[in-house]
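The block underneath contains the structure these notes are about, expressed in structure tokens.
Residue numbers (the working numbering): 4 to 723.
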């Protein structure tokens, strides 16, 4: 019997973690794999998977999510009659099989086919480093000798930021399909082409990679743009003439070129991206290049190790951010879900005021009463309990008035569609408010009937269900340190069946769950977009979504387009299904995308000591306490385009794969809007359908743009 946890013992809190067990069955049996970890509130969530096995040695992989940074993990395999075939418990940092749990900000990179060893010539192994302080992110590089050792389930890649492939080892079909699904849902893949392309041409990667390899190689004399990506003046030791394959793609940007031939090409696929390097990173001339480590560091977009002064400034800035209790956009999105108008509780300042009033009553007022009014100091033994009982009765009556006696359900749906690949991705967050202590049985059914037309095969959808929490140190946050806790209970999560059993919800509190689906579907929009340069978008769009679009915006390049009644009123006109929109019609107004996202305004100031006026642009300060889901998800969709954390003062780690700004950098357009339609998923509580108290539905559609004129050669911003 043996167990494998995560990626060589690396587990990222809040992400799906693979747990693989190898065990022996004496006879055929219907087995149950139970994987347990703490959720963000300290309860034990047990993820259950069932499967039938024949007799003999078996290898079984299940998945769980850890909700606390200090959560222990336990696992066991049970037979039909309750017999335990395998069982184990691990604590972070106290076992060789489980490292200390990683935060969402930590970068995890997996390489396959690169030479092993910490001093390998390729430079990836030397990128690993621990976090330098609370505000810094650790970097973990995990090596696999061959792609055949990579997982075959896309959920295993959930915690990864990059996967790097190199060498000539064969790529199994099932591993290629897992990588395809992971990239299509937002993953990032780097492929370093080998010198001998014969093996790569027969690889199943060729069937879906957005970058095509030409039949004839090209001779390259100048590798200067690759040297520039390293950020150092170190020449590549080239013989002067290198034969590299010709890289071609319908979309994307050339990160490095030799004249008109790309050497390093990045192209979108689904909601993710693929970067192809025309040179073998493990062979000359790159093998002995002194700038290789900096080149690969910039390629995977890892900032240099922070200095002491930089760490101090970042820590001070993060300390200012957390004073609001919100430091991540995911926390703000969940705060929108946790807002119930029927629950009208007083503010914290109101509670503090009543505490001061109570202190004044039991203190100086009671002293005046017993000493100067009734003149019996010993009466304080009677008056003090009277004041306390009166305060308790008043608090109980007020709590009944401030908290509703009915259960409520807020639901947020986000649907993403990539029109080129037909990728369909839907995610539902639901927050349940309970007026009493309960153990809830929740089941999510989706996608609903109105959305099945977008999915080519509903049986092929990969459903997932789990709890949802915020990446904070506050109560209910995944980074809250553990302590002595009472009343810790266990509930069961059947992720593949979209069901939770026995979810504990305290009186007048709420719990949030998250469900998601992904698969292949049909594009609900007909697009024909052309661009001859920045700000020169033409063409038409027509959507067939099951409802009317409002608060919508079309982003392409660094420009935003929408139909408005007049230029001064920046509110998009409703867009019903079946109506064709001409991007260059008279009611379409365009503006700089960052200005739209940051609500920038132009101010006119008088010149000091001079005649005339001067103009300046001012951004509207972002409000991390806003409870407007449209505002939050517009920023989530284009967070990097809006300036990232420099503008919002919030991180975006948990929902980083929902930021579609990189699709704009790769030459695509993104349509974002609120859809007036029924919920994507139906929720049942104890077998009865739940009607949402409040429902918000947003769609994000990635559209191809036909570029004419000069080829895009936009370098990404590596330093964050």
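The beta carbon of each residue, even a glycine, is placed where N, CA and C say it ideally should be.
None of the values given here were measured: they were computed from a predicted structure.
Exposed is the label assigned to residue 400, since fewer than 16 other Cβ atoms lie within 10 Å of its Cβ. Contact check for residue 424 against residue 706 fails: the beta carbons are separated by 7 angstroms or more. Using a 10 angstroms sphere on the CB of residue 370, the tally of other CB atoms stays under 16, which defines it as exposed. A contact between stretches requires three or more CB pairs, one per stretch, nearer than 8 angstroms, and the region 425 to 435 meets this requirement with the region 520 to 528. Judged by DSSP in its simplified three-state form, residue 383 adopts helix. Contact annotation: the region 376 to 393 does not touch the region 660 to 679, with fewer than three C-beta pairs closer than 8 angstroms. Taken through DSSP and simplified to helix, strand or coil, residue 295 comes out as helix. Per DSSP, the beta bridge partners of residue 413 are 434, 697. Contact annotation: the region 289 to 296 does not touch the region 253 to 272, with fewer than three C-beta pairs closer than 8 angstroms. Note that the region 492 to 504 does not touch the region 77 to 97; fewer than 3 beta-carbon pairs, one per stretch, sit closer than 8 angstroms. Each residue's CA atom was taken as its position, placing residue 634 and residue 130 some 37 angstroms apart. Taking C-beta atoms under 8 angstroms as the contact rule, residue 228 and residue 266 qualify, at a distance of about 7 angstroms. Counting along the chain, residue 79 sits inside the beta strand (DSSP E) bounded by residues 76 to 81.
Taking every protein chain shown into account, the CB of residue 278 has 16 or more other CB atoms within 10 angstroms, so this residue is buried. Here the C-alpha atom of residue 583 lies approximately 19 angstroms from the C-alpha atom of residue 539. If you ignore the 5 residues before and after residue 177, its C-beta comes within less than 8 angstroms of the C-beta of 155, all in its own chain and listed in chain order. In the three-state reduction of the DSSP assignment, residue 106 falls in the coil class. Collapsing the DSSP output to three states places residue 136 in coil. The three-state secondary structure of residue 664, taken from DSSP, is helix. In this structure, the straight-line span from the alpha carbon of residue 297 to that of residue 224 is close to 22 angstroms. Separation of the CB atoms of residue 36 and residue 65 is rounded to 4 angstroms, and the pair is thereby assigned contact status at 8 angstroms. Looking at the DSSP output, residue 533 bridges to 541, 709. If you draw a 10 Å sphere on the C-beta of residue 547, you find fewer than 16 other C-beta atoms in it, and that means exposed. Going by C-alpha positions, residue 384 is about 10 angstroms away from residue 373. By the CB criterion at 7 angstroms, residue 696 and residue 411 fall inside the cutoff. Using a Cβ distance threshold of 7 angstroms, residue 41 and residue 71 count as a contacting pair. Contact check for residue 16 and residue 107: beta-carbon distance about 7 angstroms, within the 8 angstroms limit, so the pair qualifies.
When Cβ pairs closer than 8 angstroms are counted between the two stretches, the region 181 to 198 is seen to touch the region 164 to 171, the count reaching three or more. Runs of the alpha helix (DSSP H) lying entirely within the region 561 to 611 and spanning at least 4 residues, in chain order: 596 to 600. Inclusion of residue 676 and residue 552 in the CB contact set at 7 angstroms is warranted, their separation being smaller than that value.
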